[in-house]
Amino acid sequence: MKSSRCTALLAVVVAIGLAGCSSTEAATTEKSSEYADLAASATCTDLRTKNPDLNGKTLKNAINPYTPGYETVNPENPSEYHGFDIDLGNALGACLGFKNDYVSVGFSELIPTVASGQADWIISNLYATKERAAGGVDFISYSKVFDGILVAKGNPKKITGIDTSLCGLTVGLNKGYVEVPLVEGVGPACAAAGLKAPTLSLFDSSADCTQAVLAGRADAYMNDINTVKGFVAAHPDKLDSAETVMLDYTIGIGVPQGKHQFRDAIQAALTEVQSSGLQDKLASKWQLTENAVAKPTILSVG
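In terms of mature numbering (1 follows the signal peptide of the UniProt record, and there is no 0), the sequence shown is residues -26 to -1, 1 to 276.
In structure tokens form, the structure reads like this:
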């Protein structure tokens, strides 16, 4: 992080400008040499032979770059994105012979952006669900889901999970998050107890949700536990993690429905990344302590 106030302000301004663009607004962070051993493996060599149309290409990756540890603007170089998902995408590209560029969009626009052909794929801490797949993508899973609940320091509202402890409270969530219907589903139990249902306050980014908790406009925010821990680390005197909840989802890479050869190539490359131990190394690099590897399985409804 830069020490100069002016430099820091410039970084924020540039970052906001990057996030507002609708095309490949940030230069790709290509570090192919980091993945030379992976690329030289027999599996990746064979995959490049079988998928010559990917060799030398630059693919657009749709991301919502507001999730610390996974994908954010690099404060040391605002022309780049960095994080676990960025590194994973570059590793898969090294295996299959392509490079990455990025399309920054709101979270709820990730799938429409790929389904409409404005981007080639998604690696953006996206939970794989049938409902999302119905929007026009197939998913390849790569990590299990552990949700954290971000609250004010000391958890003053005594929140214990996605349960009746949320009755009468305001929950900040990202538009399109799987937690939205889960929190809404608490409503009937609240009514049965003579309490008000939780109120949802929806935002476009994790940063906005966190600011709502910091400002007292929301009592809780739910996201991947690693993301929650990152926000707590950034504001240790103001925020806490109330609970960790295991959800019946996996985090997945999204590819357009119908592009089965590309999907299967990504699945095979991801399997090699995992078997080589690289995914674990990347999780450790980004301090994703709850990043449990999930076998690359396909979720498709089309």
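Even for Gly, the Cβ is constructed at its ideal location relative to N, Cα and C. Keep in mind it's a predicted model, so treat the numbers as computed, not measured.
Per the Cβ contact rule, the stretch 23 to 43 is in contact with the stretch 55 to 65 (3 or more Cβ pairs under 8 Å).
Following the DSSP letters along the chain, one finds Asn35 inside the beta strand (DSSP E) bounded by residues Thr32 to Ile37.
With fewer than three CB-CB distances shorter than 8 Å, the stretch 246 to 261 does not count as touching the stretch 77 to 86. Taking a C-beta distance under 8 Å as the contact criterion, Asp59 and Asn129 do not qualify as a contact pair. Between the stretch 44 to 53 and the stretch 95 to 105, the count of Cβ pairs shorter than 8 Å is three or higher; the stretches touch. Per the C-alpha coordinates, the member of Val206, Asn200 and Lys170 positioned closest to Val187 is Val206.
At the C-beta level, Ala13 and Tyr116 stay beyond 8 Å of one another. Counting other Cβ atoms within 10 Å of its Cβ, Asn29 stays below 16 and is therefore classed as exposed.
Thr184 is not a Cβ neighbour of Thr144, given a cutoff of 8 Å. When DSSP states are grouped into helix, strand and coil, Pro130 belongs to the coil group. The residue among Asp137, Asp27, Gly57 and Gly190 with its C-alpha nearest the C-alpha of Leu256 is Gly57. In this structure, the beta-carbon distance from Thr103 to Tyr195 does not fall below 8 Å. Looking at the DSSP output, Asp112 sits in a beta bridge with Val229.
In the three-state reduction of the DSSP assignment, Leu169 falls in the coil class. Per DSSP, Val152 lies in no beta strand (DSSP E) and is assigned neither H nor E. Inclusion of Glu217 and Thr134 in the CB contact set at 8 Å is warranted, their separation being smaller than that value. When secondary structure is reduced to three states using DSSP, Tyr44 falls in the coil class, being assigned neither helix nor strand. By the neighbour-count criterion, in which 16 or more other beta carbons inside 10 Å mark a residue as buried, Arg191 falls on the exposed side. At the C-beta level, Phe113 and Gly228 come within 8 Å of one another.
DSSP, read as helix, strand or coil, puts Ala163 in helix. Minimum Cα-Cα distance from Lys127 among the listed residues Val247, Pro210, Leu33 and Ala10 corresponds to Pro210. The beta carbon of Lys170 sits closer than 8 Å to the beta carbons of Cys141, Gly142 and Cys164 from its chain, once the five residues preceding and following it are set aside; these are given in chain order.
No Cβ-Cβ contact shorter than 8 Å links Asp94 with Ile199. The shortest C-alpha to C-alpha distance from Asn25 to any of Gly71, Lys259 and Thr32 is the one to Gly71.
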